[in-house]
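Q: The working numbering applies: residue 14 is where the sequence shown begins, and numbers increase by one.
Think of the CB as a built atom: it goes at the ideal place given N, C-alpha and C, for glycine as much as any other residue.
Input: one structure, supplied below.
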Amino acid sequence: MTQQPPPPGPGFGPPPPQYAPQNAPAQPPYAPAPPAYVPVPPQPVPPQPVPAGPEFLAVDKRNAVVVDASGVVFEMSAFTMEFRWPEIQGVHYKASPDGKALMVAVVHIDGRFYECVVEARPRARLQEWFPQLAWVLGHYRPVG
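Listed below in C-alpha cells is the structure:
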C-alpha cells in the first residue's frame, strides 16, 4: 500500500521564499485581524405609503384592473404590469363587443399600448364599473 501524504494544515501557510515580503518579520501573523467595528445587518426599507385617495378595482377569475393613487395595475393570469402616473399618456376603457367584459387600455408615454379585459359577472356589474372608473380616473387624470 502507498503512504498518503499528511493532510494540509489550516489555510495556505506562508508564501514561498521567493514571494515573501523582504521587510516582513520571520513569522508574519496570517490570521486576519478582527474588524475595528461590528458590522450592522442591513435594515429593511419600509414600503412607502401610497397617499389615500379613491380606488377602482375590477376582478374576474383570471384578470384584474386596479386604479389608485400610484397608477394603474393589470393582473392577467399570473402576470402583473404596473404603470405609474408619470409614465401614462392616457387610459381608455369601453365594454367588449359582446357587452360581457370591461376593456381597459393604458397608453404609455413612449406610445406603446397595453390592454386588460375583465369579465363582468353578472353583466349588470359592467354598468356599475363605468361610473366608478370614470370618477377615479377623473380624480387622478383631470381633463384640461
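1. Does Q102 come out as helix, strand or coil in the three-state DSSP assignment?
2. Is V53 buried or exposed, if buried means 16 or more other CB atoms sit within 10 Å of its CB?
3. Please classify D123: is it buried, with 16 or more other beta-carbons within 10 angstroms of its beta-carbon, or exposed?
4. With distances taken from CA atoms, which of Q140, K74, Q102, V86 is nearest G112?
5. Give, in chain order, every unbroken run of the beta strand (DSSP E) that is at least 3 residues long and sits entirely within the region 78 to 130.
6. When burial is assigned at 16 or more other CB atoms within 10 Å of the CB, is W98 buried or exposed?
7. Tell me the DSSP secondary structure of A147 in three-state form.
8. Taking the continuous beta strand (DSSP E) assigned at V72, which residues delimit it?
9. Bridge partners for E132 per DSSP, in chain order?
10. Just the Cα atoms here: how many angstroms apart are A77 and L70?
11. Suppose the cutoff is 7 Å on Cβ atoms and the five residues either side in sequence are ignored; what does the same chain contact list for V149 look like?
A: According to the structure shown:
1. Start at 1 with the first residue of the sequence shown, and residue 102 comes out as number 89. Correct three-state label for Q102: strand.
2. In the sequence shown, residue 53 corresponds to position 40, counting from 1. It is exposed - the Cβ of V53 has fewer than 16 other Cβ atoms within 10 Å.
3. What you label residue 123 is simply residue 110 of the sequence shown in a count that begins at 1. Burial call: exposed.
4. Position 99 of the sequence shown, counting from 1, holds the residue named residue 112. Checked all of Q140, K74, Q102, V86; the closest Cα to G112 is Q140.
5. 84 to 89, 92 to 97, 101 to 108, 114 to 121
6. Residue 98 sits at position 85 when you count from the first residue of the sequence shown. Its Cβ having fewer than 16 others within 10 Å, W98 is exposed.
7. Counting from one through the sequence shown, the residue named residue 147 turns up at place 134. Helix, per DSSP.
8. If you number the sequence shown from 1, residue 72 lands on position 59. Start and end: 69 to 72.
9. Working through the sequence shown from its first residue, we reach residue 132 at position 119. In DSSP, E132 forms a bridge with A114.
10. Translated into the one-based positions of the sequence shown, residue 77 becomes position 64. Translated into the one-based positions of the sequence shown, residue 70 becomes position 57. Annotation: A77 to L70 spans about 7 Å, alpha carbon to alpha carbon.
11. Taking the sequence shown and counting its residues from 1, the one referred to as residue 149 is at position 136. The residues are P67, E68, F69, V80.
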